Amino acid sequence: MRAVLVLWLVLECSRGVRAARSARQAPSARYTFYRSMGPPRGWGSPTTGETRRVFGGQSAELATYPPTCVLLDRYWTARCSGAVVSPRWALTAAHCVSPHIAYVKYNSRHPTSPEGDVATVHYLYRHPGYKVVQEDEGRGIDVTLLNHDVGLVRTRRDMVLAKEPVLEPLRAMRLYNPVDLKQEDVEVLGFGRTERSSLGEELFSVRLRMVPCDRASWFHCMCAIAQTTAPGPRSARGVCSGDSGGPVLYHGAQIGVTSMGPTECSAERIDPPEGATSVFTALYNYADLVNATIADTEAALRMQRINTASCITVSHNVVLLMPLAVLVMPVRPISEKSDIRATANFGKSQALRTTSRSPG
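In mature numbering (1 follows the signal peptide of the UniProt record, and there is no 0), the protein residues as written are -19 to -1, 1 to 341.
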């Protein structure tokens, strides 16, 4: 009898340990990309398109981070946020890269207002290893895998910022490794609107605290929770203030781009579970890749302007066809180890063109 009792106690303890381990490993929320979150039924106008609705945070001035920009489609609807990192280049998330992107608006905190400047999109770049898997694990559709959510937008003309950032963006992304920033506060910027926004979308910011991510399958990602003194579940609303592709700042340096948030952010009266996070892609491991892409592409286009009469094949396998200026780039798989080494760059990734006009 005693032996049976001991065996029963051992089994119960084992079951309890497994349950506790599962509880620690189970994500506290389901996640999706911010720009896939449409407005709740009955909110907003059909003419506003898939308007990004934000909670928590506060309206931000452009001086907070002057390179902040918004990516617009041909109907001038905000599709994603981004940041100007070079005169003709804006950095965003890979899931924002699509043929719908037509313009980059900068020097403005309101995407639809007359203020600010606009540059036409020339080429769009996405990391060749970008991959996302969404599946139902019993609680509804969730992003279970996210790899290399980094993209670039090249414009047809220079984007001149009204005010230069304190830190040069391409160098700043090398300053801080997010692995060393646990429990540090970051500032997240992005475009969105609330019910009180009279001019449509505007620039918002929120301060979050860095914590470990729920999933190891989110590659080169970092996560953050809302910081507030207000008790109760409503405090979790702060993680809904980001926007796809928007900059994540630490001491004035952009260290990431915003990728995802809890699915509850799209609901009007449902709060994210306590402990839910915003999910960002860290730039530290992509700094060399981004710099090489910009440098190599600009060199290729300088060659193109010198030899405008013929088809030119440049050293990194980019074929520029005149006069249609269709950019053809082979898709080459890239391993997790080789993506950060590299001589390889976005120029060897998928590139999407938004128009067929010859380059200017």
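For glycine and all other residues, C-beta sits at the position ideal for the given N, C-alpha and C. Note that the coordinates shown come from a computational prediction; the quantities given were computed from them, not determined experimentally.
Just measuring C-alpha positions, the residue of Phe261, Ala248, Arg135 and Pro253 sitting nearest Tyr106 is Arg135. Taking each of His91, Asn88 and Val78 in turn and checking the Cα distance to His108, the smallest one comes out for Val78.
In this model, Asp123 and Tyr87 are separated by some 33 Å (Cα to Cα). Out of Thr125, Arg55 and Arg120, the CA that lies nearest to the CA of Val114 is found in Thr125. With distances taken between CA atoms, Arg152 lies nearest to Ser67 out of Pro243, Arg11, Leu162 and Ser67. In its chain, beyond the 5 residues on either side, Tyr265 have a beta carbon closer than 7 Å to the beta carbon of Asn158. Sequence-distant partners of Pro146 (beyond 5 residues in either direction) whose C-beta falls short of 7 Å from its own C-beta, in its chain, are Tyr46, Pro47 and Pro48. By the beta-carbon neighbour count (other beta carbons within 10 angstroms, threshold 16), Ala197 is exposed. If you ignore the 5 residues before and after Ser186, its C-beta comes within less than 7 Å of the C-beta of Gly38, Gln39, Ala41, Thr45, Glu168, Val169 and Leu170, all in its own chain and listed in chain order.
Bounds of any beta strand (DSSP E) do not take in Leu151; it lies within the alpha helix (DSSP H) bounded by Pro150 to Ala153. Looking at the DSSP output, Met241 sits in a beta bridge with Phe14 and Val260.
Look at Ala273 here: in three-state DSSP terms it is helix.
Membership of Trp70 in the beta strand (DSSP E) is indicated by the continuous run Trp70 to Thr73. With 16 or more other Cβ atoms inside 10 Å of its own Cβ, Arg174 counts as buried.
Taking Ala10 as the centre and dropping the five residues before and after it, the same chain places the C-beta of Pro243, Pro253, Pro254 and Ala257 closer than 6 Å to its C-beta, in chain order.
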